[in-house]
Amino acid sequence: MLRGKTIVVGVTGGIAAYKAVEVVSRLVKLGATVRVMMTKNATKFVTPMTFRTISGNPVVVEMFEEPRVWNVEHVSMAEAADVMVLVPCTANVIGKIAAGIADDFVTTTVMACTAPKLLCPAMNHNMYENPVVQGNIEKLRSLGYHVLEPEYGRLASGAVGKGRLPDPDKIVDEIVKLACPKRDLEGVSFLITAGPTREWFDPVRFISNPSSGKMGYALARACLERGASVYLVSGPVALTPPPGAVLRKVETTRQMLDACLELFPDVRVVIGAAAPCDFAPSVYHDQKIKKTGAETTVTLVPTPDIMKTLGQQKGDRILVGFAAETEDLESNAIKKLAEKNLDIICANPVHRPDSGFGSDTDILTLFYPDGHKEDLGLVLKEEAAHIILDRIKSLLEADVRH
Ligand SMILES: Cc1cc2nc3c(=O)[nH]c(=O)nc-3n(C[C@H](O)[C@H](O)[C@H](O)COP(=O)(O)O)c2cc1C
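Heads up: take any position in the sequence shown, counting from 1, add 67, and you land on the working numbering.
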């Protein structure tokens, strides 16, 4: 499966370093050329000799050791990589990469590498949940690094929490996906909406919602990985758009609709992953409303329904919507599916910390016009994005046959 591919494995100084031996062994069995580099601290957990023996290749630890052949070794290793994977990846190395530090062989090679990079963080759960570590991971994700979430379970310290390195099988699956990407959406044009909208009622105040845009941006990234072209119409979010997406920044629901209507003729698939405000203040005050101590009232009027408007002029396009619900998830989703003339609606509860606004995961159920539904359970937004694209791909194929 990996014949002809070079996988560069970076091992850093975490207790799960021993599991990297199994990852390397499986990659070799799949036919990959595996080149291992280690941080100095990683060698305290597993010796380079183990990796040298399993990979059949020299292992590099020192930045300034005499190279075996005359080349700049970190550059040659970076260039040879079809995929680079850091397994396990310490909080320290995550922080260094996010900060642009290249002070040893592993971090320098990561910086010189343009191939897809997969980070497999593993650490104590308090370290993993530390906002600094989370912020660094978020930054790296937005820069295009792939991050395999650690799992929940018993950790080396005896504590139970999120921080365990996933099984080698799962890591190898991710590496295979990156090394042999599906380009199955080549030539398909997508319009994806993401993030919240803002409806202003004076120059300094607006109503909005906590949508982070993560789902829409994950969808855009997944489309681009699979060869599609993407218009990304985005409300205000703190995410970096994936390289290759054509970004249209908007603020209000009306602006989001106008951008969608303009781009609509050029696309085959629309995914409405944004959370546009359903209401806007009826009056906009040119000057800041003064605080007088008295009660005040803001009257809200409905904004245009973006997906419903697009659904009315659908043609042969595929339309996929999202339904964020706090109650009656199923009946509300089915109603919206019909009202908006959608091909799939992805429904998620938004009153749980692991689903909806801002989280990296969603509890998703997909509903289809023929009445069947598909429960995806708790999934990472990246995983959900690929599953939704798989379903869209099937609809496109069914369309071509008719
Ligand atoms: C026994 C032991 C286990 C450790 N396990 C981890 C770990 O699982 N994850 C982690 O991020 N750091 C862990 N550390 C801390 C790192 O080794 C430390 O941050 C070190 O500076 C990492 O160096 P490196 O990132 O250059 O490999 C551990 C330290 C010790 C002594």
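Think of the CB as a built atom: it goes at the ideal place given N, C-alpha and C, for glycine as much as any other residue.
Because the structure is a prediction, the values reported are computed rather than measured.
Taking one beta carbon from each stretch, the region 351–364 and the region 399–417 have fewer than 3 pairs nearer than 8 Å; the two do not touch.
For leucine 245, the CB contacts under 7 Å within the same chain, skipping 5 residues up- and downstream, are Val150, Pro183, Leu185 and His213 in chain order. When the alpha-carbon of aspartate 429 is set against those of Cys180, Gln379, His418 and Pro436, the nearest one is in His418. Between alanine 179 and alanine 145, the C-beta spacing is below 9 Å. The beta carbons of glutamate 449 and arginine 288 sit closer together than 9 Å. Here aspartate 410 is buried, its C-beta having at least 16 other C-beta atoms within 10 Å. Val239 is the residue among Val239, Tyr435 and Asp372 whose C-alpha sits nearest the C-alpha of alanine 99. Assigned with DSSP and collapsed to three states, aspartate 466 falls in helix.
The Cβ atoms of valine 75 and proline 155 do not sit closer than 9 Å to each other. With a minimum length of 3 residues, the unbroken runs of beta strand (DSSP E) contained wholly in the region 288–334 fall at 296–301 and 313–316. Judged by the Cβ position, glycine 167 fails to qualify as a neighbour of ligand 1 at the 8 Å threshold, every heavy atom of the ligand being at least this far. Annotation: the continuous alpha helix (DSSP H) that includes asparagine 159 extends over 158–166. The alpha-carbon of leucine 377 is positioned some 16 Å away from that of alanine 390. Looking at the DSSP output, alanine 390 shares a beta bridge with Ala414.
Glycine 280 places its beta carbon 9 Å or farther from that of valine 297. Around the CB of proline 233, 16 or more other CB atoms lie within 10 Å, so the residue is classed as buried. For alanine 179, the enclosing alpha helix (DSSP H) starts and ends at 172–179. With fewer than 16 other CB atoms across the displayed protein chains lying within 10 angstroms of its CB, leucine 210 is exposed.
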